[in-house]
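Trainee:
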Amino acid sequence: MTQNNRPNRTQQPPQPDVIDLGKLLGLLLDGKWIIIFTTFVFAVIGVTYALLATPIYKADALVQVEQKTSGFPALSEGLGEMFAQESQASTEIEIIKSRMVLGKTVDKFNLTIVASPKYLPVIGKGLAQRMGEEAFIKVERFDIPDYALTGGYQITLDDPTMGAFSLTNSDDQLVLKGKVGELARSENGEFSLFVSQLVGKQGQEYGLGKRSKLDAIQWLNGSLSVSERGKQSGILSFGFEGENKAQIIDLLNDIANNYFLQNVDRNAAEAENSLEFLQEKLPEIKAELTANEDALNKYRQDNESVDLGLEAQSTLKVMVELEAQLNELTFKESELAQRFTKQHPAYVAVLEKRKTLELKSAALKVKLSNFQRLNVKYFA
C-alpha cells in the first residue's frame, strides 16, 4: 500500500493595495524639471494675461421708480392696490430698454458709426496702455452710398502732426484722404468722413464701419443691465459694461436721463389731457350741478327741510383737502423755479396740475355759496 504525503497549502488572504510613497516620490524627482518648467510657463502666461489683457469696466446707477398715476387720482388710487409693484418695475425695465429711450442715446453719441484702433489680439490694447501708446479715434460723420459695404473700412494715420489720414475699403483700395477736423469727401462725392479726434503714432490703423440704428440699440441692450434692487423696493439698479471707462459713464448717464425725461413728458401729456377733458366737461358739469341744486332746494322748500349741515360739512372737507394740495404745489413750484425755467416739462406739469385743482376748488366754492344762499333765504 502506497501512501502519498502531500504538503498542506494554506490559502493566503489577498493583500490590499498599498501606496508606495517612496516610489511616487521617485517618479516626481525624475520628472521635476518638466514639472518646474510647465508650472513656470503657465505662471508667466497667467501674469502676462492679467497685466496686459484689456480691462472691462462697469458703471452703476440707481433710479427710483416713480409711482404712476392717471389723470384721475381717485380712480388710480382705487385700482392701484390691485397690481403688484413688482409688475410696475418690470414694466419700467422694458421702457428703459425700449427703442424710445435707447434710440435717443444712439443718436446723441453717433453709435451707428463703429470706429476703434486696431491692436494685437487679447493683449494688444493692454500692452499699448502699459507703454503709453494707446490710440484713440472719434468719428462724427461717415456717409456711404447704398450699394457700398457697411464694414471693412480702415483708416491709416499718415501724419500725426498734421492730422492727415487715408481711408481704404476691404479690398485695400483708397477711398479718400483727409485731415482731422475737416470734412473729407471722395472724388465722386459718394463717400464723406469727418474725424474730430485722432490719436496715435504714424501708421496706426483704425477699423471703421456702419451699423443700423436697430443694431446699435441691440448693442446697447447687450451691455446694459437693469434689475430691481430688492423685492418691491421701487429702486432700479443700472449697470453698463465696456472697455472705454469714460464712454460707459456718459452712455449710462444719458440713458438714465432719457428715462427721467420720458417720465416727465408722459406726466405733462397726462396733465394736459386731463385739463382739456375738464375744460370740456366743466360747463356741462356746472349746468348739471346747478339744475340738481335747484331741484334739491325746491324739494327742501316744499318739504320745509333746511338740514344742509351734512352736505356743507362734506363740501368744506373737500375744499380743505384741495387747499392743502394747492399749498403743497406752491412749495414744489418754488423749488422747481430755482432749478428750471417755466418752459421745462416738470415746471409745466406742476402748473397744469395747479390749474386743475383751482378749477375744482372754484366749483366747490360755487356749491358752498348755493348752500349759504338757501339757508339765508329760508331764515329770511
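Using UniProt numbering, read the sequence shown as starting at 1 and increasing by one per residue.
Each residue gets a CB set at the ideal place from its N, CA and C atoms; glycine is no exception.
Give me the Cβ distance between ILE137 and PHE191, rounded to the nearest whole Å; I'm assuming they're in contact under 8 Å.
Mentor: Counted from its first residue, the sequence shown places residue 137 at position 137. Counted from its first residue, the sequence shown places residue 191 at position 191. At roughly 17 Å, the Cβ-Cβ gap does not stay under 8 Å, so ILE137 and PHE191 are not in contact.
Trainee: Any idea what DSSP makes of SER227, helix, strand or coil?
Mentor: Working through the sequence shown from its first residue, we reach residue 227 at position 227. It is a strand residue.
Trainee: Going by the beta-carbon positions, is the gap between LEU111 and ALA256 smaller than 8 Å?
Mentor: Along the sequence shown, one-based indexing puts residue 111 at 111. Along the sequence shown, one-based indexing puts residue 256 at 256. Against a cut-off of 8 Å, the Cβ pair of ALA256 and LEU111 comes out as no contact.
Trainee: Can you name the start and end residues of the alpha helix (DSSP H) that ARG99 belongs to?
Mentor: Locating residue 99 in the sequence shown gives position 99, where the first residue counts as 1. Note, ARG99: alpha helix (DSSP H), 99–108.
Trainee: Along the beta strand (DSSP E) that carries ASP159, what are the first and last residues, could you check?
Mentor: For this step, residue 159 is matched to residue 159 along the sequence shown. Run containing ASP159: 153–159, per the beta strand (DSSP E) assignment.
Trainee: Could you work out which residue in PRO345, LEU193 and LEU357 is closest to PHE165 when comparing CA atoms only?
Mentor: If you number the sequence shown from 1, residue 165 lands on position 165. When each option's Cα is compared against that of PHE165, the closest is LEU193.
Trainee: For the beta strand (DSSP E) that LEU24 lies in, which residues bound it at each end?
Mentor: Residue numbering aside, residue 24 sits at position 24 when the sequence shown is read from its first letter. That residue, LEU24, is in no beta strand (DSSP E); its alpha helix (DSSP H) goes 21–30.
Trainee: My output table needs one value for PRO345: the three-state DSSP class, helix, strand or coil.
Mentor: What you label residue 345 is simply residue 345 of the sequence shown in a count that begins at 1. Three-state result, PRO345: helix.
Trainee: Considering just the uninterrupted stretch of the beta strand (DSSP E) at PHE194, what are its terminal residues?
Mentor: Taking the first residue of the sequence shown as position 1, residue 194 is located at position 194. 192–199 is the span of the beta strand (DSSP E), which, as asked, contains PHE194.
Trainee: Could you please give me the residues that DSSP links to VAL63 through a beta bridge?
Mentor: In the sequence shown, the residue the question calls residue 63 occupies position 63. BP columns for VAL63 point to LEU236.
Trainee: For ASN273, tell me which candidate among GLU288, GLN218, THR290 and ALA349 has the shortest Cα-Cα distance.
Mentor: Mapped onto the sequence shown, residue 273 falls at position 273. Nearest C-alpha to ASN273: ALA349.
Trainee: Just how far apart, CA to CA, sit ALA268 and GLY178?
Mentor: Numbered from its first residue, the sequence shown carries residue 268 at position 268. Numbered from its first residue, the sequence shown carries residue 178 at position 178. Whole-angstrom Cα-Cα distance: 47 Å.
Trainee: Could you have a look at PHE142 and say whether DSSP puts it in helix, strand or coil?
Mentor: Here residue 142 corresponds to residue number 142 of the sequence shown, with the count starting at 1. Reduced to three states, the DSSP call for PHE142 is strand.
Trainee: Among ASP265, LYS210, ASP250 and LYS355, which residue has its Cα nearest to the Cα of LYS58?
Mentor: As a first step, residue 58 must be located in the sequence shown, where it is residue number 58. Comparing Cα-Cα distances from LYS58 to each of ASP265, LYS210, ASP250 and LYS355, the minimum goes to ASP250.
Trainee: Nearest CA to the CA of TYR206: which residue from THR156, THR105 and LEU326?
Mentor: In the sequence shown, the residue the question calls residue 206 occupies position 206. Ranking THR156, THR105 and LEU326 by Cα distance to TYR206 puts THR156 first.
Trainee: According to the Cβ coordinates, are LEU208 and TYR153 closer than 8 Å?
Mentor: On the sequence shown, residue 208 is found 208 positions in, with the first residue counted as 1. On the sequence shown, residue 153 is found 153 positions in, with the first residue counted as 1. Their beta carbons are under 8 Å apart, which means LEU208 touches TYR153 by this criterion.
Trainee: Specify the secondary structure class of GLU205 as computed by DSSP and reduced to three states.
Mentor: Mapped onto the sequence shown, residue 205 falls at position 205. Residue state, collapsed to three classes: strand.
Trainee: Is GLN85 helix, strand or coil when you go by DSSP?
Mentor: Walking along the sequence shown from the start, residue 85 turns up at place 85. Its pLDDT being 49, under 50, GLN85 is placed unreliably by the model, and nothing is read from it.
Trainee: Cα-Cα, which of LEU183, ARG185, LEU149 and LEU102 is closest to ASP171?
Mentor: The sequence position of residue 171 within the sequence shown is 171, counting from 1. For ASP171, the nearest C-alpha among the options comes from LEU149.
Trainee: Can you tell which of THR39, ARG354, ASP60 and LYS104 has the C-alpha that lies nearest to the C-alpha of VAL329?
Mentor: As a working mapping, residue 329 is identified with position 329 in the sequence shown. Inspection of the sequence shows that residue 329 is occupied by Leu rather than by Val. Closest option to LEU329, Cα to Cα, is ARG354.
Trainee: Just to confirm, is the Cβ distance from TYR259 to VAL101 under 8 Å?
Mentor: The count along the sequence shown starts at 1 and reaches residue 259 at position 259. The count along the sequence shown starts at 1 and reaches residue 101 at position 101. Yes; because the gap between Cβ atoms is below 8 Å, this pair is in contact.
Trainee: In its own chain, which residues sit with a C-beta less than 7 Å from the C-beta of LYS213, not counting the 5 before and 5 after it?
Mentor: For the purposes of this step, residue 213 is taken as the residue at position 213 of the sequence shown. Excluding residues within five positions, the ones whose Cβ falls inside 7 Å are GLY103, VAL106 and THR112.
Trainee: Look at the alpha carbon of ALA246 and the alpha carbon of GLN338, and state the distance between them as a whole number of angstroms.
Mentor: As a position in the sequence shown, residue 246 is number 246, starting the count at 1. As a position in the sequence shown, residue 338 is number 338, starting the count at 1. Whole-angstrom Cα-Cα distance: 30 Å.
Trainee: Do LYS108 and ASP254 have their CB atoms nearer than 8 Å?
Mentor: As a position in the sequence shown, residue 108 is number 108, starting the count at 1. As a position in the sequence shown, residue 254 is number 254, starting the count at 1. Yes, the Cβ-Cβ distance between LYS108 and ASP254 is below 8 Å.
Trainee: Among LEU120, LEU176, ILE95 and THR161, which residue has its Cα nearest to the Cα of PHE142?
Mentor: Along the sequence shown, one-based indexing puts residue 142 at 142. Out of LEU120, LEU176, ILE95 and THR161, LEU176 has the C-alpha closest to the C-alpha of PHE142.
Trainee: Quick one: what's ILE137 bridged to in DSSP?
Mentor: For the purposes of this step, residue 137 is taken as residue 137 along the sequence shown, with counting starting at 1. In DSSP, ILE137 forms a bridge with LEU198.
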